[in-house]
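The structure under discussion appears below in the form of structure tokens.
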Amino acid sequence: MIIRKLLLAFLLCTSSGCASLSGTYQVARISTRLGDLYVWLYEEVPVHREYFINLTNSRYFDDFSFNRVIEGFVAQGGCPDTPEGFAYSIHLLQPEFRPQLRHAYGTFAAGRDNNPGKLSAGCQFYVVHAANGIARLDDNYTIYGFVFSGMEVVDKIVAVETDESDEPLEIINLDIDIINMTPAEIEASGFRIPE
22 MIIRKLLLAF LLCTSSGCAS LSGTYQVARI STRLGDLYVW LYEEVPVHRE YFINLTNSRY
82 FDDFSFNRVI EGFVAQGGCP DTPEGFAYSI HLLQPEFRPQ LRHAYGTFAA GRDNNPGKLS
142 AGCQFYVVHA ANGIARLDDN YTIYGFVFSG MEVVDKIVAV ETDESDEPLE IINLDIDIIN
202 MTPAEIEASG FRIPE
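For what it's worth, our numbering labels the leading residue of the sequence shown as 22, then goes sequentially.
Structure follows, in structure tokens:
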């Protein structure tokens, strides 16, 4: 019985991003022509977290870009803001709202269209650029990460010239990888690893 519990705890921890036996954590590195962002992926939202990791590992995001950027609001990327990306998408996920996760500056969350179930487009994400956060999005959009390093890159992304639909005139392609970082590497950015 004890061995079974230990095995279950190990499996849950390794699939959810707990520090592995090697003492590292899985984080997302989003590389763009303007620089890199590093995203902590919250364990409290396991479905969104794992879905993002799986899409990243399958190289899904390689054909996409930051497609909507608004200074003082968000930098949004991933699948396009179309019916294929939202309403009729195979990527729709049930919401995972958590009272401890709020839309603060640097929040990483799932996009969605206006639907009564507040289903997320698992293939679409955004980074909050509003200095004071965006409280009206709390409990309406699922938060599943936080940019712990690279917000100066987001500053550059949202400052580019855009068209009338807030799409950058010069494409900002995504190159996303899931990498392992030690606690020391993560905390060197000033980010405190959640317990």
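Ideal Cβ placement from N, Cα and C applies to all residues, glycine included. Quick caveat, the model's predicted, so the values are computed rather than measured.
From the DSSP output, which residues share a beta bridge with residue i?
i, result
"residue 215", "BP columns for residue 215 are empty, so no partner."
"residue 70", "None; residue 70 has no bridge partner."
"residue 128", "167"
"residue 149", "95"
"residue 89", "97"
"residue 202", "46"
Express the C-alpha separation of residue j and residue i in angstroms, rounding to a whole number.
i, j, result
"residue 163", "residue 60", "15 Å"
"residue 51", "residue 198", "7 Å"
"residue 87", "residue 129", "13 Å"
"residue 123", "residue 63", "12 Å"
"residue 92", "residue 149", "10 Å"
"residue 215", "residue 190", "38 Å"
Quick one: grab the DSSP three-state call for residue i.
i, result
"residue 50", "strand"
"residue 58", "strand"
"residue 156", "helix"
"residue 135", "coil"
"residue 196", "strand"
For residue i, which residues in the same chain have their Cβ closer than 7 Å to its Cβ, ignoring the five residues on either side in sequence?
i, result
"residue 82", "76, 99, 195, 197"
"residue 158", "124"
Mind checking whether residue i and residue j have CB atoms under 8 Å apart?
i, j, result
"residue 125", "residue 179", "no"
"residue 131", "residue 146", "yes"
"residue 89", "residue 188", "yes"
"residue 58", "residue 211", "no"
"residue 181", "residue 115", "no"
Residues in the same chain with beta-carbon distance under 8 Å from residue i, minus the five sequence neighbours each way, listed in chain order, please.
i, result
"residue 173", "56"
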